Structure formats: C-alpha cells, structure tokens
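Chains G and U are the protein sequences, given in the same order.
Here our numbering is used: the first sequence runs in plain steps of one and ends on residue 91.
Here our numbering is used: the second sequence runs in plain steps of one and ends on residue 598.
For each residue, glycine too, the CB sits at the ideal point set by N, CA and C.
Since the structure is predicted, the reported quantities are computational estimates derived from the model, not experimental observations.
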Amino acid sequence: MAFASPHITATAVEATEFPDLARKYQVSGVPKTVVNEEVEILGALPEAAFIEQALSSPRQ
Amino acid sequence: MSLLSAADQQKLREAFDRMTRSVRLLFFSQAIGCETCGETRQILDELRGLSDRISVEEINLVLEGDKAKQYGVDRAPAIAIAYESGSSEPGGSGESSGSGGSSEASSTGDGRMSDTMKDSRIRFLGAPSGWEFVSLVQAVLLAGGRESALSAASLDRLRAVDRPITMQVFTTPT
C-alpha cells in the first residue's frame, strides 16, 4: 500500500523487540495494524476490506 | 555460518535476478542497547550477497540523527527501503500525484544517498527474521520492480489518497 501511494508509510514492527510500542498500542495478538494512531485492524482481512478500514482513519 | 540454506539462497537469487531496479536497504543501527542489530546486519549482508541490485547502507541512529529523522526512524534496528527511480515509475507515484516532498529520498548533501534513490516508505522495525524475513524479501522485490500484488481496484483507491496515512503492522517472528 505504501508503494502504491506517496502519502502512505507502512512499518512492520516486531512486537517482542519493542514491548513499549506493543503496550502503547495494546497489542495482544498479531497481526495487528494501527493506522494513524487510531484505527485498529485485527488479524488479516480480505484486501478490499483491509484497505477500506485503513483509509477510514481520520486526518492526523 | 550462513543463516540461509543453500537452497533458499538459490531461490532468492533467482527471484532477485528478475529485479529491474536497484534497491538500497538503509539499515539504522546503534552501537549500544541494540540486541538484534548484529543479527539484522548478518541478514542484510546475506541478502546483499545474493544480488548486484541490492545494496546496504548502515546508518548510525545516534551519529546520523538527521538522516534517521528524514526517514522517521527513531529506533534500532530499523530498515528503510529505497529504490532507484528511473523512467519507469511504479504505480501511484507518477507526476500527477502532486506528492509532498516528504516521500522523496532526496540527498541531504552528505553524498551517500544518491539523488536518484526514492523512499519506498516501507519500513521494518526489529530484526527481519522469521516471517518478517519473507515480508522483507517481498518488499525488496516490489521496490525492485515487481508488480504490486494488489488488485487494480485497490491500486486506484490508493492512488486517490490525498492525506498522510501511517500504518504500523505489529507482528511476531513465529
């Protein structure tokens, strides 16, 4: 997704190496995606649904 | 000792051979308090050894803080993926996108980052082992010119994005 839009940045975070981040975003299962610090997507979704949810985030 | 088996190395070599663009892995490290920087360095060194199109630039998070800031990196180990921007631009970053300057991996004047390298805006935080390694390889291939795995409809949707979106995907190695 980041590669398809110049406005999107995507970071894969290894949760066990950064427990502070995992705590901050209340990661209790993986994969968990946090968009603009607000929208949370748990698990894997079908592509279209995932993109809809990710783009539903409010402006930062 | 190599982390990758001979068979895996061969498979990766063949996949990387199809890359049409050079890819640079910007490895943000720090000398103290980075338990997995050594492992990350070894993984990246092995990747680099599998293709002439893959290069690695190690950046000290502390000593080269400006560069880390440019890529929005504040922890180590972290990897940012940049790629050679040629005439064949990947989808979404065409001239009409009117993107802000933030996505350009422009040279900061230190001469180490070529002007022609672009930031893919794909990052990895933590050692890229386990499943993360698979993701890293996929990201390298994508930056290296492979077509996106997303549907045409998804790509259209993403090209219409006109505001900053930051995604963090939390994973574990197994």
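Neighbourhood of S575/U in chain G, by CB distance below 8 Å: E78 and A79, in chain order. Its Cα nearest to that of A79/G, the residue D580/U stands out among A455/U, S429/U, T598/U and D580/U. Bounds of the beta strand (DSSP E) holding D543/U are M541 to L549. Against chain G, the beta carbon of Q592/U has neighbours under 9 Å at A41, T42, A43, V44, L52, Y56, K63, T64, V65, V66 and E68, listed in chain order.
I505/U has its alpha-carbon roughly 22 Å from the corresponding atom of K63/G.
Among the bridge pairs identified by DSSP, R448/U is matched with S479/U and A506/U. Per the coordinates, the alpha-carbon of L471/U lies some 23 Å from the alpha-carbon of V593/U. V486/U counts as exposed, since fewer than 16 other C-beta atoms from the protein chains shown sit within 10 angstroms of its C-beta. Using a C-beta cut-off of 8 Å, the segment 428-436 of chain U makes no contact with the segment 454-466 of chain U, since fewer than three inter-stretch Cβ pairs fall below that distance.
Between A85/G and chain U, the shortest Cβ-Cβ separation is below 8 Å. Assigned with DSSP and collapsed to three states, E69/G falls in coil, not helix or strand. Chain G has no Cβ within less than 8 Å of the Cβ of E463/U. Under the three-state reduction of DSSP, I456/U is assigned to coil, being neither helix nor strand. Neighbours of F548/U across chain G, judged by C-beta separation under 9 Å: T42, A43, V44 and E45.
Within the segment 39-87 of chain G, the complete alpha helix (DSSP H) segments at least 4 residues long are 50-55 and 78-86, listed from N- to C-terminus.
Those residues of the segment 480-500 of chain U placed with their C-beta closer than 8 Å to a C-beta in chain G are G496 and R499, ordered along the chain.
Within chain G, the residues placing a beta-carbon under 9 Å from that of A551/U are E45 and E48, ordered along the chain. Assigned with DSSP and collapsed to three states, F594/U falls in strand. Burial is judged here by how many other beta carbons sit within 10 angstroms of a residue's own beta carbon; E571/U has fewer than 16 and is exposed. One thing to note: I39/G has its Cβ within 8 Å of the Cβ of M591/U. Taking the beta carbon of A33/G as reference, the chain U residues within 7 Å of it are S544, R545 and I546, listed in sequence order. Only those residues of the segment 428-448 of chain U whose C-beta falls short of 7 Å from the nearest C-beta of chain G would be listed, and there are none.
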